[in-house]
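Below is one structure; the comments refer to it alone.
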Amino acid sequence: MAIDIQNLVETIVIVMLENRSFDHMLGYLSLKDETNRTDIDGIADPTNPSYINDSAGETYCLFPMKDAALPGDLPHGRDLVDVQLAKSATSGKYEMTGFVESYRQFMNASRVKTKAPPMGFMKDGKQVPTLDFFAENFTVCDHWFAPLPADTQPNRLMALSGFTTIDVTVAQTLDQELVYEWLTEMRIRWRVYRSGLPFCTLFPRMWDEILDNTLFRSIRQLAKDVKTESNHTYPEVIFCEPAYFDSPISSGFERNDDHPPLPVGPGQRFLREIYEALTGNPARWAKTVMIVTYDEHGGFFDHVPPLPIPTDPPPGVNYRRFATTGVRVPGLIVSPLVAPASAYNDKLDHTSILQFLGEMFGDGDYSPDVKRRKDAGIKSVSDVLTLSQPRAAVAMPPLEALTVAALVPVPKPADKTPDQIAFEKAAQELLADKKAKALDSYPELATLKPVP
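Residue numbering for the sequence shown follows the numbering used here, beginning at 374 and increasing consecutively.
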């Protein structure tokens, strides 16, 4: 453990966005003609021949891009992620050269256009102004991996539990113990600040909690609570959730979770607003650690192979063992307890957050599942914290933050993904089961058709 977290940390803030790889979002930090961060393992040279992807007889290279809405989603389910990792039959190494081929199969196309969406990366910090500000003023974790080479639900379950009962995203509600219940058992004050429906709407076991305003509040209340709430009730652990693209309602928020085909501009504004709210009370900010990451890579290229850390299904569950972690995702630690413009290069994944919670509030370990990953080499968020005293000055983000309007059509029923179907089913069932309270917290649910 790098510092005395028990005395230096009072509030942990967790923000998890959707479906972007490290190279796609932050690879530009290593560009020789951009910031030239040699301490970060990004895209130093986009023409590196090892980055080339081949598909259907064509060659595809990385290309710089501006933020914009994308043509559609990219493949990120388990089988097509296997294609992306491109494990060599001879060496056994993961060559990371199958992203375009995976996309071609996903699109059921004979070939893919020259600028294949998986190969695009943000050309400079102007495309991701809040992440760029965080990189300049706090710590970039350049070896933070999604726990599994799979899609949204399994990776979010790993983040919320340390294990997953599913290996692919399913079109139904879910049931397994979550970190919120662990925190309650440990008598730790926690709260979710949500934009629209939170992810745990998919868990009927959490419905009473998500309708409890002491535990789940609109993110519009965050700034006020940070400034004025009593220390006796102010949460020790805060989860900030975006307005999910897959949710049937957004409660008046722009969709801002970065899930393709959305542009990332709205997500940048979301991150900036959280940061501004947290720094609005300097005394509280001095003892706050904000963690920013993404659930999984979303099908975008990354050049760093996954970690050889296996994950077995839990007892009583039957799916094929995962041989590795998932692909790298952005990871940033935003806190006065880290040095500005610093990098952390050791191995992290979403269970690093659970490790941190176990160190802060448990007996040192969160759970046997999380300890196994720790023993396999996954570090804790606490290892990223390096300053024995908080920095006094509060860094302020630039006045403007680029946002691109997200004019993305609503999916037709036949085109909905399993996660979109699961969200809609869960919302309908929540409305049917707890109508009055549900409508009080989420009035937009009235627009949904009831469960037949």
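Built from N, CA and C at the ideal position, the CB exists for glycine as well.
Distance check between P615 and each of P571, P633 and P655 places P571 closest, using alpha-carbon atoms only. Linking Q762 to N380 through their CA atoms gives a straight-line distance of about 10 Å.
Contact annotation: P490 and G699 have beta-carbon atoms that are not nearer than 8 Å. The beta-carbon distance between I682 and I726, rounded to whole angstroms, is 16 Å. This is too long to meet the 8 Å contact definition.
Residues of the same chain with a CB within less than 6 Å of the CB of P527, apart from the 5 flanking positions on each side, are L521, T537, I539 and D540 in chain order. In the assembly as shown, A650 is a buried residue. Its beta-carbon has 16 or more other beta-carbons within 10 Å. For E817, same chain residues with a beta-carbon under 7 Å away, outside a window of 5 residues either side, are I622 and S624 in chain order. By the criterion of at least three beta-carbon pairs nearer than 8 Å, the stretch 692-712 is not in contact with the stretch 726-736. Excluding the 5 residues flanking it on each side, T432 has same chain C-beta neighbours closer than 8 Å at I425 and N426, in chain order. Per DSSP, the beta-bridge partners of P437 are F494. The shortest C-alpha to C-alpha distance from P703 to any of P688, D722 and G689 is the one to D722.
In this structure, the straight-line span from the alpha carbon of I378 to that of T652 is close to 19 Å. Remark: C-beta atoms of L758 and S708 approach each other more closely than 8 Å. The residue from P444, S814, R567 and D452 with its alpha-carbon nearest to that of E627 is R567. Rounded to whole angstroms, the gap between the alpha carbons of F612 and E732 is 18 Å. Counting along the chain, no alpha helix (DSSP H) covers N426; the unbroken beta strand (DSSP E) around it starts and ends at N426 to S428. Excluding its 5 nearest sequence neighbours in each direction, L443 has C-beta neighbours in its own chain below 7 Å: P490, P633 and P634, listed in chain order. Of all alpha-carbon atoms in K744, Q594 and A508, the one lying nearest the alpha-carbon of A768 is that of A508. Only residues of its own chain outside the window of five on either side were considered, and among them G471, E474, S475 and Q478 have a CB closer than 7 Å to the CB of V456, listed in chain order. T666 is bridged by DSSP to M389 and G704. Beta-bridge analysis with DSSP links K460 to Y467. Close CB contacts of L390 within its chain, under the 7 Å cut and outside five residues either way in sequence, are with P615, D630, D631, G640 and Y667 (chain order). Non-local C-beta neighbours of L821 in its own chain, meaning closer than 8 Å and more than five positions away in sequence, comprise P621, I622, E797, A800, Q801 and L804, ordered along the chain. Counting along the chain, E614 sits inside the beta strand (DSSP E) bounded by residues V610 to E614. For S534, there is no enclosing beta strand (DSSP E); the residue is part of the alpha helix (DSSP H) that begins and ends at T525 to S534.
Between the stretch 385-401 and the stretch 498-507 there are three or more C-beta pairs closer than 8 Å, enough to call the two in contact. A straight-line Cα-Cα distance of about 8 Å links Q545 and D792. If you draw a straight line from the Cα of L680 to the Cα of K807, it is about 43 Å long.
Nearest in C-alpha terms to V485, of all of P608, G430, V543 and K810, is G430. Secondary structure note for A800: its alpha helix (DSSP H) is the uninterrupted segment P791 to D806.
Using a Cβ distance threshold of 8 Å, M663 and V386 count as a contacting pair. By the criterion of a C-beta distance shorter than 7 Å, K439 is surrounded in its chain by K496 and Q500, once the five residues flanking it on both sides are discounted. The closest CA to that of R745, considering only I706, D685 and R701, is found on D685. Note that the C-beta distance between A749 and V543 is not below 8 Å. A straight line joining the alpha-carbon of R694 with that of V513 spans about 30 Å.
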